[in-house]
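Shown next, in structure tokens, is the structure this report addresses.
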Amino acid sequence: MVFDRVPFGAKSSPSLLHATIKNPLEKCTENKAVLELKGNLYVNDLLSGSDFEDEAWQLIADANKIMEEADMELTKWSSNSQVVAKAIQKEFYLRIDVTDSTKFKAIIEEAKLVSLYQGASPLTLFVFVDAAFNRLPPYRVTNLYDKASANNEGAKEYVASFTVNGIVETSFFSDATPYQSKSVLQRKIFLNRRALRVGNVASGRAGQYKYFANGGIIVQPNIQAGQHVIHVLDRVLPMPLTMTILAYVSGHGPDKTLYKFFELFMLRLRWARQENSVKNYAQQVEPVLSNLDSPSTFFLPTDQAVLRIPAGIRGELLGNPLKLLRIITLHIIPKKAVYTSLVNHYEQFNTQYNSGRVVFSKHFDREAVYVSGALNGGSTVTARVNSPNITVLNGVVHHVDEVLGFVYKTVLEEIQLDPVT
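Structural data, given as structure tokens:
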């Protein structure tokens with residue numbers, strides 16, 4: 001076993017180490033692990049072992065108990081005995097049961113990947129709680145992954161899509177940090193750390209930090225499981241898609257839909273004459289929505305939202321490339337993967353090309369989420385987020401039921417249709 005000194009600041013503090021470790025030691029029944037640790041408390045690394053398998057197993061068990069008394073986890077161990085190593089890994093693998101994530105464990109077993117999570121290579125696993133799976137409608141259960149695939153490839157891909165090489169604890173989370181999953185198709189997991197405001201209002205005081213993975217809230221973080229870490233989510237996440245935002249909207253999504261917003265607005269702007277090299281589609285839209293190194297958020301109006309605009313008014317917009325560019329870029333939040341679960345009520349974000357801003361509206365007592373968009377100096381259009389949080393390789397897509405920032409209705413029509421104001 002290896003006990004590392006606890007780092008406090010730049011150097012380890014003997015007094016804090018004493019309080020953290022030695023006090024719980026006094027409560028422990030004396031055994032080999034306790035005696036060795038008491039005698040070597042200020043050694044940077046304490047290495048210990050046993051000559052017999054049963055003694056090694058007992059040493060691990062005693063060391064684990066010491067750490068539990070100190071509200072810590074025994075995160076590293078090693079054994080040159082295959083019997084001991086396999087027994088320990090099996091014991092830690094079974095800890096997924098106590099997280100109420102047995103449904104996810106069943107998928108691991110269906111995928112025949114148990115040995116992967118009983119192995120020595122450290123992994124981070126994002127699992128869903130059983131209660132969330134039990135709430136899924138039948139079609140979601142059916143479509144969670146391809147259950148008819150040969151050699152259980154569908155189950156393997158699902159589990160791999162929520163597994164990351166190495167240890168990623170919540171202390172490493174930042175704003176939309178992308179991690180490469182073990183998926184053979186290189187699916188991404190975006191990790192966020194946010195202090196949601198008290199009362200769910202952007203102007204409220206900061207509350208406790210919460211942690212998110214692809215928009216799912218982590219309700220049980222940093223569960224040590226042998227060499228691995230488990231994070232338990234409050235919801236069942238669909239597999240992230242294996243395409244960029246631009247590919248998704250241009251007909252390369254799972255259902256091969258060529259969306260009208262791309263066909264009638266984005267594609268038209270792409271081929272329109274644009275004199276200023278900075279104020280054009282090639283600079284402000286295409287590289288942002290296809291960039292794999294910087295995540296973005298895209299609001300995709302439904303086909304119905306685009307086709308509701310009278311053809312004559314739509315034609316006028318197409319004849320004004322600069323205004324069309326501003327409308328399109330209003331649907332892009334650059335450098336952020338913004339999921340609806342991690343925003344506050346009335347939280348606002350600046351959009352690409354500084355075209356304007358978007359504001360989220362959400363309430364604890366409503367499932368619906370709305371987003372309002374206004375060009376700088378323009379009027380606001382509010383849309384309902386119909387299909388939120390679609391994770392792609394370079395961010396997230398939200399389907400909305402209006403074209404943001406483009407006012408073509410009368411004031412009375414806007415008031416009648418706006419469910420938020």
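Quick note: the sequence shown uses full-length UniProt numbering, first residue 1, plus one each step.
Heads up, the beta-carbon is just placed ideally off N, CA and C, and yes, glycines get one too.
Where ASN192 is concerned, the enclosing beta strand (DSSP E) starts and stops at 188-197.
For ILE217, no alpha helix (DSSP H) segment is defined; the enclosing uninterrupted segment is the beta strand (DSSP E) at 216-225.
Around the beta-carbon of ILE96, 16 or more other beta-carbon atoms lie within 10 Å, marking it buried. Per DSSP, ARG235 lies in no alpha helix (DSSP H) and is assigned neither H nor E. The beta carbon of GLY378 sits closer than 8 angstroms to the beta carbons of GLY356, GLY405 and VAL407 from its chain, once the five residues preceding and following it are set aside; these are given in chain order. For ALA150, there is no enclosing beta strand (DSSP E), as DSSP gives it neither H nor E. The DSSP-derived three-state label of ARG205 is coil. A straight-line Cα-Cα distance of about 39 angstroms links GLU402 and GLU169.
Counting C-beta atoms within 10 angstroms of its own C-beta, THR29 has fewer than 16 neighbours from the protein chains shown and is therefore classed as exposed.
The beta carbons of LEU191 and LEU393 sit no closer together than 9 angstroms. About 7 angstroms separates the CB atoms of VAL358 and SER372; that is less than 8 angstroms, so the two are in contact.
Secondary structure note for PRO388: its beta strand (DSSP E) is the uninterrupted segment 380-392. Taking each of ALA160, GLN352, ALA225 and ILE245 in turn and checking the Cα distance to PRO122, the smallest one comes out for ALA225. In this structure, DSSP gives ALA120 a state outside helix and strand, which the three-state scheme calls coil. Within its own chain, the residues whose Cβ lies closer than 7 angstroms to the Cβ of PRO221, once the five positions on either side in sequence are excluded, are THR170, TYR211 and HIS231, listed in chain order. Within the same chain, and ignoring the five residues on either side of ILE327 in sequence, the residues whose Cβ sits closer than 6 angstroms to its Cβ are GLY405 and PHE406. Put simply, the backbone Cα of GLY395 is about 7 angstroms away from that of ILE245. In the structure shown, ASN134 falls within a helical segment according to DSSP collapsed to helix, strand and coil.
According to the DSSP assignment, ALA374 belongs to the beta strand (DSSP E) that extends over 369-375. Rounded to the nearest angstrom, the gap between the Cα atoms of THR142 and LYS188 is 22 angstroms. Between the alpha carbons of LYS105 and VAL184 lies a distance of about 20 angstroms. Distance between ASN354 and TYR281, taken at the CA atoms: about 14 angstroms. Here the alpha carbons of GLN118 and LYS65 stand approximately 21 angstroms from one another. Classified as exposed, PHE52 has fewer than 16 neighbouring CB atoms from the shown chains inside 10 Å of its CB. Boundaries around GLN304 are those of the alpha helix (DSSP H), 303-308, since no beta strand (DSSP E) includes it. About 5 angstroms separates the CB atoms of PHE126 and ALA213; that is less than 8 angstroms, so the two are in contact.
Around the beta carbon of VAL278, fewer than 16 other beta carbons lie within 10 angstroms, which makes this residue exposed. Rounded to the nearest angstrom, the Cβ distance from ALA383 to VAL400 is 4 angstroms, consistent with a contact under 8 angstroms. Residue state for LEU258 is assigned as strand, using DSSP reduced to three classes. Following the DSSP letters along the chain, one finds PHE104 inside the alpha helix (DSSP H) bounded by residues 102-110. Runs of alpha helix (DSSP H) with 4 or more residues, each lying fully within the segment 291-360, are found at 303-308, 311-318 and 321-329, listed in chain order. DSSP lists LEU123 as the bridge partner or partners of ASN165.
The beta-bridge partner set that DSSP reports for TYR211 consists of ARG193. Taking a C-beta distance under 9 angstroms as the contact criterion, VAL343 and PHE360 qualify as a contact pair. If the five residues before and after ALA155 are omitted, its C-beta is found closer than 7 angstroms to the C-beta atoms of ILE107, GLU110, ALA111 and TYR145, all from its own chain and listed in chain order.
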